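In our numbering, the protein residues as written are 733 to 1181.
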(Lines of atoms letter the chains of each structure in order from A and count residues from 1; the text may use other names and numbers.)
(Lines give C-alpha, C1' and ligand atoms only; values in the text may rest on other atoms or scores of the structure.)
Protein backbone atom coordinates (compact mmCIF):
# COMPACT_ATOMS: atom_id res chain seq x y z
CA UNK A 1 0.00 0.00 0.00
CA UNK A 2 1.38 3.38 -0.98
CA UNK A 3 2.19 5.65 1.92
CA UNK A 4 0.85 9.19 1.74
CA UNK A 5 3.36 11.89 0.93
CA UNK A 6 3.53 15.54 1.98
CA UNK A 7 2.02 16.47 -1.34
CA UNK A 8 -1.09 14.33 -0.75
CA UNK A 9 -1.53 14.52 3.02
CA UNK A 10 -4.10 16.96 4.31
CA UNK A 11 -3.19 19.68 6.72
CA UNK A 12 -0.48 22.31 6.77
CA UNK A 13 2.00 20.16 4.86
CA UNK A 14 -0.15 20.33 1.73
CA UNK A 15 -1.28 23.19 -0.45
CA UNK A 16 -4.69 23.70 -1.96
CA UNK A 17 -5.24 21.69 -5.11
CA UNK A 18 -5.61 23.55 -8.35
CA UNK A 19 -6.59 22.56 -11.82
CA UNK A 20 -3.22 20.89 -12.34
CA UNK A 21 -3.26 18.92 -9.10
CA UNK A 22 -1.89 19.53 -5.64
CA UNK A 23 0.88 22.15 -5.10
CA UNK A 24 3.56 21.02 -2.66
CA UNK A 25 4.91 23.17 0.16
CA UNK A 26 8.33 23.35 -1.47
CA UNK A 27 6.79 25.43 -4.28
CA UNK A 28 5.80 28.04 -1.76
CA UNK A 29 9.28 27.91 -0.25
CA UNK A 30 10.92 28.31 -3.64
CA UNK A 31 8.77 31.37 -4.27
CA UNK A 32 9.91 32.78 -0.93
CA UNK A 33 13.53 32.19 -1.89
CA UNK A 34 12.92 33.92 -5.20
CA UNK A 35 11.66 36.97 -3.35
CA UNK A 36 14.74 37.19 -1.13
CA UNK A 37 17.42 39.73 -2.12
CA UNK A 38 20.06 38.36 -4.41
CA UNK A 39 23.33 37.56 -2.59
CA UNK A 40 25.04 40.13 -4.79
CA UNK A 41 23.40 42.87 -2.74
CA UNK A 42 24.86 41.42 0.46
CA UNK A 43 28.30 41.39 -1.15
CA UNK A 44 27.80 44.99 -2.26
CA UNK A 45 26.79 45.94 1.30
CA UNK A 46 29.90 44.33 2.81
CA UNK A 47 32.04 46.04 0.18
CA UNK A 48 30.40 49.37 1.02
CA UNK A 49 31.11 48.95 4.74
CA UNK A 50 34.68 47.84 4.01
CA UNK A 51 35.48 50.87 1.84
CA UNK A 52 33.75 53.14 4.36
CA UNK A 53 35.92 51.82 7.20
CA UNK A 54 39.08 51.99 5.14
CA UNK A 55 38.29 55.61 4.21
CA UNK A 56 39.39 56.70 7.69
CA UNK A 57 43.04 56.79 6.63
CA UNK A 58 42.20 58.99 3.65
CA UNK A 59 40.62 61.57 5.94
CA UNK A 60 43.76 62.16 7.99
CA UNK A 61 46.58 63.63 5.80
CA UNK A 62 45.03 67.08 5.40
CA UNK A 63 44.62 67.30 9.18
CA UNK A 64 48.28 66.40 9.87
CA UNK A 65 50.06 69.05 7.78
CA UNK A 66 49.95 71.84 10.36
CA UNK A 67 50.48 69.66 13.49
CA UNK A 68 53.50 67.89 11.97
CA UNK A 69 54.91 71.19 10.74
CA UNK A 70 54.61 72.72 14.21
CA UNK A 71 55.96 69.70 16.15
CA UNK A 72 58.82 68.54 13.93
CA UNK A 73 59.43 71.76 11.91
CA UNK A 74 59.23 69.79 8.70
CA UNK A 75 58.37 71.88 5.64
CA UNK A 76 54.95 71.50 4.11
CA UNK A 77 56.69 70.30 0.96
CA UNK A 78 58.29 67.44 2.93
CA UNK A 79 54.97 66.44 4.45
CA UNK A 80 53.33 66.77 1.04
CA UNK A 81 56.00 64.45 -0.37
CA UNK A 82 54.95 61.70 2.06
CA UNK A 83 51.34 62.18 1.01
CA UNK A 84 52.48 62.03 -2.62
CA UNK A 85 54.26 58.71 -2.09
CA UNK A 86 51.09 57.41 -0.48
CA UNK A 87 48.95 58.54 -3.40
CA UNK A 88 51.32 57.17 -6.06
CA UNK A 89 51.48 53.75 -4.41
CA UNK A 90 47.72 53.86 -3.93
CA UNK A 91 47.41 54.12 -7.69
CA UNK A 92 50.24 51.82 -8.81
CA UNK A 93 49.15 49.01 -6.48
CA UNK A 94 45.55 49.01 -7.76
CA UNK A 95 46.01 47.10 -11.06
CA UNK A 96 48.19 44.46 -9.37
CA UNK A 97 45.63 44.16 -6.58
CA UNK A 98 42.90 43.49 -9.15
CA UNK A 99 45.04 40.71 -10.64
CA UNK A 100 45.82 39.37 -7.15
CA UNK A 101 42.10 39.18 -6.45
CA UNK A 102 41.77 36.95 -9.52
CA UNK A 103 44.60 34.77 -8.20
CA UNK A 104 43.97 34.56 -4.44
CA UNK A 105 40.40 35.83 -4.02
CA UNK A 106 38.89 39.08 -2.88
CA UNK A 107 38.66 38.19 0.81
CA UNK A 108 42.33 37.39 1.30
CA UNK A 109 43.63 40.43 -0.55
CA UNK A 110 41.31 42.92 1.15
CA UNK A 111 41.87 41.49 4.65
CA UNK A 112 45.64 41.65 4.17
CA UNK A 113 45.41 45.21 2.84
CA UNK A 114 43.42 46.43 5.84
CA UNK A 115 45.98 44.87 8.18
CA UNK A 116 48.86 46.64 6.40
CA UNK A 117 46.97 49.94 6.67
CA UNK A 118 46.50 49.42 10.41
CA UNK A 119 50.21 48.67 10.92
CA UNK A 120 51.34 51.67 8.89
CA UNK A 121 49.01 54.13 10.57
CA UNK A 122 49.64 52.81 14.06
CA UNK A 123 53.44 52.91 13.64
CA UNK A 124 53.42 56.67 12.95
CA UNK A 125 52.92 57.43 16.65
CA UNK A 126 56.60 56.49 17.29
CA UNK A 127 58.17 58.39 14.39
CA UNK A 128 60.78 61.10 15.01
CA UNK A 129 62.17 61.70 11.51
CA UNK A 130 60.71 62.57 8.13
CA UNK A 131 61.91 59.30 6.53
CA UNK A 132 59.75 57.41 9.01
CA UNK A 133 56.70 59.35 7.81
CA UNK A 134 57.61 58.34 4.26
CA UNK A 135 57.95 54.71 5.35
CA UNK A 136 54.79 54.42 7.48
CA UNK A 137 52.34 56.74 5.80
CA UNK A 138 53.88 56.75 2.36
CA UNK A 139 54.91 53.13 1.81
CA UNK A 140 52.80 50.93 4.11
CA UNK A 141 49.54 52.86 4.04
CA UNK A 142 50.02 53.52 0.33
CA UNK A 143 50.41 49.82 -0.48
CA UNK A 144 47.48 48.82 1.72
CA UNK A 145 45.19 51.53 0.42
CA UNK A 146 46.04 50.66 -3.18
CA UNK A 147 44.63 47.19 -2.63
CA UNK A 148 41.48 48.81 -1.26
CA UNK A 149 41.17 51.15 -4.22
CA UNK A 150 38.32 51.51 -6.65
CA UNK A 151 39.65 48.47 -8.52
CA UNK A 152 38.18 46.51 -5.60
CA UNK A 153 34.77 48.01 -6.31
CA UNK A 154 35.24 47.35 -10.04
CA UNK A 155 36.09 43.68 -9.40
CA UNK A 156 33.03 43.17 -7.19
CA UNK A 157 30.76 44.92 -9.69
CA UNK A 158 32.08 42.97 -12.68
CA UNK A 159 31.75 39.59 -10.95
CA UNK A 160 28.44 39.97 -9.18
CA UNK A 161 26.34 42.26 -11.40
CA UNK A 162 25.19 42.26 -15.00
CA UNK A 163 22.29 44.65 -14.48
CA UNK A 164 22.56 47.85 -12.38
CA UNK A 165 26.32 48.03 -12.79
CA UNK A 166 26.36 51.81 -13.08
CA UNK A 167 24.18 52.23 -10.00
CA UNK A 168 26.24 49.79 -7.92
CA UNK A 169 29.47 51.45 -9.05
CA UNK A 170 28.08 54.79 -7.89
CA UNK A 171 27.05 53.36 -4.52
CA UNK A 172 30.41 51.70 -3.88
CA UNK A 173 32.28 54.81 -4.97
CA UNK A 174 30.18 56.84 -2.56
CA UNK A 175 31.35 54.58 0.28
CA UNK A 176 34.62 56.45 0.41
CA UNK A 177 32.74 59.70 0.85
CA UNK A 178 30.66 58.11 3.58
CA UNK A 179 33.84 57.24 5.44
CA UNK A 180 35.02 60.80 5.02
CA UNK A 181 31.71 62.03 6.43
CA UNK A 182 32.00 59.75 9.46
CA UNK A 183 35.68 60.16 10.28
CA UNK A 184 36.64 63.73 9.32
CA UNK A 185 34.73 65.51 12.12
CA UNK A 186 35.88 62.91 14.65
CA UNK A 187 39.53 63.01 13.60
CA UNK A 188 39.62 66.82 13.44
CA UNK A 189 38.17 66.99 16.96
CA UNK A 190 40.80 64.52 18.20
CA UNK A 191 43.65 66.45 16.54
CA UNK A 192 42.49 69.80 17.89
CA UNK A 193 41.63 68.71 21.43
CA UNK A 194 44.20 65.97 22.05
CA UNK A 195 46.95 65.33 19.52
CA UNK A 196 47.55 63.88 16.09
CA UNK A 197 48.76 60.57 17.58
CA UNK A 198 45.37 59.44 18.98
CA UNK A 199 43.91 60.25 15.56
CA UNK A 200 46.44 57.94 13.87
CA UNK A 201 45.60 55.17 16.35
CA UNK A 202 41.89 55.68 15.63
CA UNK A 203 42.56 55.12 11.92
CA UNK A 204 44.48 51.92 12.69
CA UNK A 205 41.68 50.56 14.87
CA UNK A 206 39.04 51.43 12.25
CA UNK A 207 40.91 49.45 9.59
CA UNK A 208 41.34 46.45 11.90
CA UNK A 209 37.65 46.51 12.90
CA UNK A 210 36.60 45.86 9.31
CA UNK A 211 38.77 42.74 8.84
CA UNK A 212 36.35 40.28 10.54
CA UNK A 213 33.43 41.49 8.39
CA UNK A 214 35.47 40.93 5.23
CA UNK A 215 36.62 37.48 6.25
CA UNK A 216 33.25 36.20 7.46
CA UNK A 217 30.77 37.80 5.05
CA UNK A 218 32.49 38.59 1.74
CA UNK A 219 32.33 36.00 -1.06
CA UNK A 220 34.63 35.94 -4.06
CA UNK A 221 32.22 34.83 -6.81
CA UNK A 222 28.48 34.11 -7.33
CA UNK A 223 29.34 30.46 -7.98
CA UNK A 224 30.56 30.21 -4.37
CA UNK A 225 26.93 30.41 -3.25
CA UNK A 226 25.48 28.61 -6.28
CA UNK A 227 23.96 31.68 -7.93
CA UNK A 228 24.05 33.49 -11.23
CA UNK A 229 25.35 37.07 -11.26
CA UNK A 230 22.57 39.55 -10.64
CA UNK A 231 20.65 40.06 -13.88
CA UNK A 232 22.49 37.28 -15.76
CA UNK A 233 20.63 34.85 -17.99
CA UNK A 234 22.96 31.91 -17.36
CA UNK A 235 25.00 30.48 -14.50
CA UNK A 236 28.67 31.49 -14.63
CA UNK A 237 31.28 29.02 -13.46
CA UNK A 238 33.93 30.37 -11.14
CA UNK A 239 37.12 30.74 -13.16
CA UNK A 240 40.23 28.91 -12.05
CA UNK A 241 42.80 31.03 -10.17
CA UNK A 242 44.91 32.96 -12.61
CA UNK A 243 48.66 32.54 -11.97
CA UNK A 244 51.13 35.30 -12.67
CA UNK A 245 49.12 38.24 -11.32
CA UNK A 246 51.92 40.76 -11.89
CA UNK A 247 52.57 39.45 -15.40
CA UNK A 248 48.92 39.71 -16.31
CA UNK A 249 48.66 43.27 -14.97
CA UNK A 250 51.66 44.35 -17.05
CA UNK A 251 50.42 42.46 -20.12
CA UNK A 252 47.05 44.18 -19.93
CA UNK A 253 48.78 47.55 -19.58
CA UNK A 254 51.01 46.93 -22.61
CA UNK A 255 47.93 46.04 -24.65
CA UNK A 256 45.91 49.03 -23.43
CA UNK A 257 48.61 51.66 -24.06
CA UNK A 258 48.39 50.87 -27.76
CA UNK A 259 44.87 52.29 -27.84
CA UNK A 260 43.86 55.96 -27.87
CA UNK A 261 40.98 55.71 -25.39
CA UNK A 262 43.37 54.51 -22.66
CA UNK A 263 45.45 57.68 -22.83
CA UNK A 264 42.38 59.90 -22.86
CA UNK A 265 40.84 58.07 -19.91
CA UNK A 266 44.14 58.12 -18.02
CA UNK A 267 44.63 61.82 -18.75
CA UNK A 268 41.16 62.87 -17.64
CA UNK A 269 41.38 60.73 -14.51
CA UNK A 270 44.81 62.18 -13.65
CA UNK A 271 43.19 65.61 -13.67
CA UNK A 272 40.35 64.23 -11.58
CA UNK A 273 42.83 63.09 -8.93
CA UNK A 274 44.75 66.35 -9.09
CA UNK A 275 41.62 68.41 -8.43
CA UNK A 276 40.18 66.20 -5.67
CA UNK A 277 42.53 64.03 -3.58
CA UNK A 278 45.63 66.04 -4.40
CA UNK A 279 44.19 69.51 -4.00
CA UNK A 280 40.98 69.70 -1.99
CA UNK A 281 41.38 66.68 0.28
CA UNK A 282 45.02 67.45 1.09
CA UNK A 283 45.12 71.25 1.12
CA UNK A 284 41.62 72.59 1.73
CA UNK A 285 41.86 72.42 5.54
CA UNK A 286 45.28 74.17 5.78
CA UNK A 287 44.19 76.73 3.14
CA UNK A 288 41.07 77.55 5.15
CA UNK A 289 43.16 77.66 8.33
CA UNK A 290 45.41 80.23 6.61
CA UNK A 291 42.32 82.47 6.50
CA UNK A 292 41.87 81.91 10.28
CA UNK A 293 39.04 79.42 9.90
CA UNK A 294 39.12 76.87 12.78
CA UNK A 295 40.39 73.42 11.81
CA UNK A 296 37.20 71.75 13.02
CA UNK A 297 35.07 74.07 10.89
CA UNK A 298 37.18 73.44 7.79
CA UNK A 299 37.16 69.69 8.38
CA UNK A 300 33.39 69.76 8.85
CA UNK A 301 33.04 71.51 5.47
CA UNK A 302 35.14 68.77 3.91
CA UNK A 303 32.88 66.20 5.56
CA UNK A 304 29.81 67.94 4.12
CA UNK A 305 31.40 67.50 0.69
CA UNK A 306 31.23 63.80 1.52
CA UNK A 307 27.48 64.04 2.17
CA UNK A 308 26.75 65.47 -1.26
CA UNK A 309 29.38 63.26 -2.85
CA UNK A 310 27.24 60.26 -1.87
CA UNK A 311 24.22 61.81 -3.58
CA UNK A 312 26.17 62.91 -6.64
CA UNK A 313 28.00 59.64 -7.18
CA UNK A 314 24.89 57.46 -6.87
CA UNK A 315 23.07 59.82 -9.22
CA UNK A 316 26.02 59.63 -11.62
CA UNK A 317 25.76 55.84 -11.59
CA UNK A 318 22.08 56.11 -12.45
CA UNK A 319 22.87 58.57 -15.26
CA UNK A 320 25.63 56.30 -16.57
CA UNK A 321 23.12 53.49 -17.10
CA UNK A 322 21.08 55.84 -19.32
CA UNK A 323 23.29 58.47 -20.99
CA UNK A 324 26.52 58.77 -22.97
CA UNK A 325 29.38 58.43 -20.46
CA UNK A 326 31.64 60.74 -22.49
CA UNK A 327 29.22 63.66 -22.30
CA UNK A 328 28.66 63.08 -18.63
CA UNK A 329 32.41 63.32 -18.02
CA UNK A 330 32.65 66.53 -20.04
CA UNK A 331 29.88 68.16 -17.99
CA UNK A 332 31.37 67.00 -14.67
CA UNK A 333 34.86 68.32 -15.41
CA UNK A 334 33.62 71.63 -16.80
CA UNK A 335 31.49 72.33 -13.72
CA UNK A 336 34.33 71.36 -11.38
CA UNK A 337 36.74 73.70 -13.14
CA UNK A 338 34.37 76.65 -12.82
CA UNK A 339 33.87 76.02 -9.11
CA UNK A 340 37.64 75.92 -8.43
CA UNK A 341 38.17 79.27 -10.14
CA UNK A 342 35.81 80.90 -7.63
CA UNK A 343 37.16 79.19 -4.51
CA UNK A 344 39.88 81.78 -3.60
CA UNK A 345 37.14 84.41 -3.33
CA UNK A 346 35.12 82.32 -0.86
CA UNK A 347 37.67 81.63 1.91
CA UNK A 348 36.93 83.63 5.07
CA UNK A 349 37.45 83.13 8.83
CA UNK A 350 33.80 82.18 9.15
CA UNK A 351 31.59 79.97 7.03
CA UNK A 352 29.45 82.09 4.71
CA UNK A 353 26.54 81.07 2.43
CA UNK A 354 28.76 81.39 -0.65
CA UNK A 355 31.15 78.81 0.81
CA UNK A 356 28.26 76.47 1.60
CA UNK A 357 27.11 76.77 -2.01
CA UNK A 358 30.61 75.80 -3.20
CA UNK A 359 30.68 72.83 -0.82
CA UNK A 360 27.33 71.52 -2.09
CA UNK A 361 28.20 72.15 -5.73
CA UNK A 362 31.68 70.63 -5.49
CA UNK A 363 30.46 67.72 -3.39
CA UNK A 364 27.96 66.63 -6.02
CA UNK A 365 30.83 66.50 -8.53
CA UNK A 366 33.57 65.06 -6.28
CA UNK A 367 33.85 61.50 -7.65
CA UNK A 368 30.87 61.54 -9.98
CA UNK A 369 33.47 60.89 -12.69
CA UNK A 370 34.06 57.30 -11.53
CA UNK A 371 30.92 55.52 -12.86
CA UNK A 372 31.23 56.89 -16.43
CA UNK A 373 35.01 56.30 -16.46
CA UNK A 374 34.53 52.69 -15.36
CA UNK A 375 31.73 52.25 -17.90
CA UNK A 376 34.03 53.43 -20.68
CA UNK A 377 36.76 51.03 -19.49
CA UNK A 378 34.23 48.20 -19.54
CA UNK A 379 33.03 49.20 -23.01
CA UNK A 380 36.55 49.41 -24.43
CA UNK A 381 38.34 46.54 -22.68
CA UNK A 382 35.77 43.91 -21.69
CA UNK A 383 37.03 41.20 -19.33
CA UNK A 384 40.24 43.12 -18.65
CA UNK A 385 38.35 46.28 -17.69
CA UNK A 386 38.96 45.97 -13.92
CA UNK A 387 42.73 45.79 -14.46
CA UNK A 388 42.65 48.56 -17.07
CA UNK A 389 40.64 50.67 -14.66
CA UNK A 390 43.31 49.94 -12.06
CA UNK A 391 45.92 51.48 -14.36
CA UNK A 392 43.63 54.41 -15.12
CA UNK A 393 43.23 54.81 -11.37
CA UNK A 394 47.03 54.80 -11.10
CA UNK A 395 47.08 57.89 -13.31
CA UNK A 396 44.43 59.42 -11.03
CA UNK A 397 46.74 58.96 -8.06
CA UNK A 398 49.82 60.19 -9.91
CA UNK A 399 47.94 63.38 -10.70
CA UNK A 400 46.86 63.61 -7.07
CA UNK A 401 50.41 63.03 -5.85
CA UNK A 402 51.90 65.72 -8.08
CA UNK A 403 49.42 68.33 -6.87
CA UNK A 404 49.69 67.23 -3.22
CA UNK A 405 53.43 67.92 -3.44
CA UNK A 406 53.20 71.06 -5.57
CA UNK A 407 50.48 72.46 -3.31
CA UNK A 408 52.82 72.29 -0.33
CA UNK A 409 55.66 73.83 -2.38
CA UNK A 410 53.35 76.61 -3.63
CA UNK A 411 52.30 77.41 -0.05
CA UNK A 412 55.96 77.54 1.08
CA UNK A 413 56.94 79.70 -1.93
CA UNK A 414 54.01 82.10 -2.42
CA UNK A 415 52.42 82.08 1.02
CA UNK A 416 49.03 80.98 -0.36
CA UNK A 417 47.36 78.31 -2.46
CA UNK A 418 45.76 80.66 -5.02
CA UNK A 419 47.93 79.58 -7.96
CA UNK A 420 46.89 75.96 -7.35
CA UNK A 421 43.16 76.76 -7.45
CA UNK A 422 43.48 78.57 -10.79
CA UNK A 423 45.77 75.97 -12.39
CA UNK A 424 43.45 73.12 -11.37
CA UNK A 425 40.45 74.96 -12.81
CA UNK A 426 42.23 75.24 -16.16
CA UNK A 427 43.16 71.55 -16.09
CA UNK A 428 39.52 70.59 -15.55
CA UNK A 429 38.55 72.53 -18.66
CA UNK A 430 41.13 70.51 -20.62
CA UNK A 431 39.74 67.27 -19.18
CA UNK A 432 36.25 68.17 -20.39
CA UNK A 433 37.54 68.50 -23.95
CA UNK A 434 39.50 65.24 -23.71
CA UNK A 435 36.41 63.34 -22.60
CA UNK A 436 34.46 64.44 -25.66
CA UNK A 437 37.00 63.04 -28.14
CA UNK A 438 37.01 59.49 -26.74
CA UNK A 439 35.77 57.26 -29.55
CA UNK A 440 32.95 54.87 -28.85
CA UNK A 441 33.68 51.22 -29.50
CA UNK A 442 31.38 49.79 -32.20
CA UNK A 443 28.89 47.28 -30.86
CA UNK A 444 28.56 44.12 -32.94
CA UNK A 445 25.02 43.64 -34.29
CA UNK A 446 22.97 40.87 -32.75
CA UNK A 447 22.89 37.64 -34.76
CA UNK A 448 19.41 36.42 -35.57
CA UNK A 449 18.68 32.86 -34.49
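Note that beta-carbon positions come from the ideal geometry of N, C-alpha and C, so glycine has one too.
All values derive from a computational prediction rather than experimental measurement.
Cβ-Cβ separation, residue 838 to residue 680 (assumed contact under 8 Å), whole Å: This structure cannot speak to residue 680, because the chain is shown only from 733 to 1181.
For residue 775 and residue 954, the rounded distance between their alpha carbons: Within the chain shown, the letter at position 222 stands for residue 954. Within the chain shown, the letter at position 43 stands for residue 775. Each residue's alpha carbon lies about 10 Å from the other.
Beta-carbon spacing of residue 814, residue 978 below 8 Å: In the chain shown, residue 814 corresponds to position 82, counting from 1. In the chain shown, residue 978 corresponds to position 246, counting from 1. For the 8 Å CB-CB criterion, residue 814 and residue 978 do not form a contact.
Assigned exposure category for residue 818 - 16 Cβ within 10 Å defines buried: As a position in the chain shown, residue 818 is number 86, starting the count at 1. Buried.
Inter-residue spacing [alpha-carbon to alpha-carbon] between residue 946 and residue 842: Counted from its first residue, the chain shown places residue 946 at position 214. Counted from its first residue, the chain shown places residue 842 at position 110. Taking the straight line joining both Cα atoms gives about 7 Å.
Given residue 927 as reference, the closest of 892, 987, 856 once Cα atoms are compared: Residue mapping note: residue 927 aligns to position 195 of the chain shown, counting from 1. Measuring C-alpha to C-alpha distances from residue 927 to each of 892, 987, 856 identifies 856 as the nearest.
Among 1092, 1101, 811, the one whose alpha carbon lies nearest that of residue 1038: Here residue 1038 corresponds to residue number 306 of the chain shown, with the count starting at 1. When 1092, 1101, 811 are compared, the shortest CA-CA separation from residue 1038 is found for 1092.
Beta-carbon separation (whole angstroms), residue 940 vs residue 1050, contact threshold 8 Å: The residue given as residue 940 occupies position 208 in the chain shown. The residue given as residue 1050 occupies position 318 in the chain shown. Contact flag wrong, Cβ pair sits at about 34 Å.
Validate contact between the segment 998-1011 and the segment 1120-1136 using beta carbons, cut 8 Å, 3 pairs: yes
Validate contact between the segment 1086-1102 and the segment 1135-1142 using beta carbons, cut 8 Å, 3 pairs: no
Residues that DSSP places opposite residue 893 in a beta bridge: Counted from its first residue, the chain shown places residue 893 at position 161. DSSP output for residue 893 lists 962 as bridge partner(s).
Any 3 or more C-beta pairs closer than 8 Å across the segment 857-874 and the segment 1014-1026: no
DSSP state of residue 1104 mapped onto helix, strand, coil: As a first step, residue 1104 must be located in the chain shown, where it is residue number 372. Three-state DSSP puts residue 1104 in a helix.
Enclosing alpha helix (DSSP H) for residue 991 [first to last residue]: In the chain shown, the residue the question calls residue 991 occupies position 259. No alpha helix (DSSP H) contains residue 991, which DSSP labels as neither H nor E.
Cβ separation of residue 905 and residue 1120, assumed to be a contact under 8 Å, to the nearest whole Å: Here residue 905 refers to the residue found at position 173 when the chain shown is read from its first residue. Here residue 1120 refers to the residue found at position 388 when the chain shown is read from its first residue. 17 Å between Cβ atoms; not a contact.
Cβ shell of residue 797 (< 7 Å), same chain only, five flanking positions each side left out: Counting from one through the chain shown, the residue named residue 797 turns up at place 65. Hits under 7 Å: 808, 811, 1018.
Reference residue 1045; option with closest CA among 1008, 1020, 1103, 1072: For the purposes of this step, residue 1045 is taken as the residue at position 313 of the chain shown. Nearest to residue 1045 by alpha-carbon distance, out of 1008, 1020, 1103, 1072, is 1103.
Residue range of the unbroken alpha helix (DSSP H) whose run includes residue 1037: Within the chain shown, residue 1037 is the residue found at index 305, counting from 1. Counting along the chain, the alpha helix (DSSP H) containing residue 1037 begins and ends at 1027-1052.
Local conformation of residue 1012 per DSSP, three classes: Reading the chain shown from its first residue, position 280 is the one you call residue 1012. Note: residue 1012 maps to helix in three-state DSSP.
Within 8 Å, strictly: CB atoms of residue 1023 and residue 950: Residue mapping note: residue 1023 aligns to position 291 of the chain shown, counting from 1. Residue mapping note: residue 950 aligns to position 218 of the chain shown, counting from 1. It is not a contact, given that the beta carbons lie outside the stated cut-off.
Inter-residue CB distance, residue 963 and residue 1136 (contact presumed, cutoff 8 Å): Along the chain shown, one-based indexing puts residue 963 at 231. Along the chain shown, one-based indexing puts residue 1136 at 404. Going by Cβ atoms, the distance from residue 963 to residue 1136 rounds to 39 Å, so no, they are not a contact pair.
Distance, residue 970 Cα to residue 1150 Cα: One-based indexing of the chain shown puts residue 1150 at position 418. One-based indexing of the chain shown puts residue 970 at position 238. The alpha-carbon atoms of residue 1150 and residue 970 are separated by roughly 52 Å.
For residue 878, the first and last residue of its enclosing alpha helix (DSSP H): Indexing the chain shown from 1 puts residue 878 at position 146. If you look at residue 878, you'll find it in the alpha helix (DSSP H) that goes 873-879.
Inter-residue Cα distance where the pair is residue 780 and residue 891: For the purposes of this step, residue 780 is identified with residue 48 of the chain shown, where counting begins at 1. For the purposes of this step, residue 891 is identified with residue 159 of the chain shown, where counting begins at 1. Roughly 16 Å separates the two Cα atoms.
Contacts around residue 740, its chain only, beta-carbon distance under 6 Å, and the 5 residues preceding and following it disregarded: Stepping through the chain shown from its first residue, residue 740 is reached at position 8. Confidence in residue 740 is poor, its pLDDT being 42 and thus under 50, which makes the residue's placement too unreliable to answer from.
Rounded Cβ spacing between residue 1007 and residue 1156 (contact assumed at less than 8 Å): As a position in the chain shown, residue 1007 is number 275, starting the count at 1. As a position in the chain shown, residue 1156 is number 424, starting the count at 1. Going by Cβ atoms, the distance from residue 1007 to residue 1156 rounds to 5 Å, so yes, they are a contact pair.
Of the residues 897, 1145, 1113, the one placed nearest residue 961, counting alpha carbons only: Numbered from 1 along the chain shown, position 229 holds the residue referred to as residue 961. Nearest of 897, 1145, 1113 to residue 961, Cα basis: 897.
Three-way DSSP call (helix, strand, coil) for residue 861 in this model: Here residue 861 refers to the residue found at position 129 when the chain shown is read from its first residue. In the displayed model, residue 861 falls within coil according to three-state DSSP, outside both helix and strand.
Extent of the continuous alpha helix (DSSP H) run through residue 1065: Along the chain shown, read from residue 1 onward, the residue named residue 1065 stands at position 333. Where residue 1065 is concerned, the enclosing alpha helix (DSSP H) stretches over 1057-1074.
CB contact flag (residue 1061, residue 1101, <8 Å): Stepping through the chain shown from its first residue, residue 1061 is reached at position 329. Stepping through the chain shown from its first residue, residue 1101 is reached at position 369. Result yes, Cβ atoms of residue 1061 and residue 1101 sit closer than 8 Å.
Limits of the alpha helix (DSSP H) - the one that residue 949 falls within: The residue given as residue 949 occupies position 217 in the chain shown. That run of the alpha helix (DSSP H) goes 928-949.
Residue 968 to residue 846 span [Cα, whole Å]: To locate residue 968, count along the chain shown from 1; it is residue 236. To locate residue 846, count along the chain shown from 1; it is residue 114. In this structure, the straight-line span from the alpha carbon of residue 968 to that of residue 846 is close to 29 Å.
Contacts around residue 770, its chain only, beta-carbon distance under 8 Å, and the 5 residues preceding and following it disregarded: Mapped onto the chain shown, residue 770 falls at position 38. The residues are 959, 962.
Endpoints, alpha helix (DSSP H) assigned at residue 1123: Your numbering for residue 1123 matches position 391 in the chain shown. Run containing residue 1123: 1117-1146, per the alpha helix (DSSP H) assignment.
Beta-carbon spacing of residue 1123, residue 985 below 8 Å: Translated into positions along the chain shown, residue 1123 becomes position 391. Translated into positions along the chain shown, residue 985 becomes position 253. Taking 8 Å as the Cβ cut-off, residue 1123 and residue 985 qualify as a contacting pair.
Residue 851 to residue 801 span [Cα, whole Å]: For the purposes of this step, residue 851 is taken as residue 119 along the chain shown, with counting starting at 1. For the purposes of this step, residue 801 is taken as residue 69 along the chain shown, with counting starting at 1. Each residue's alpha carbon lies about 23 Å from the other.
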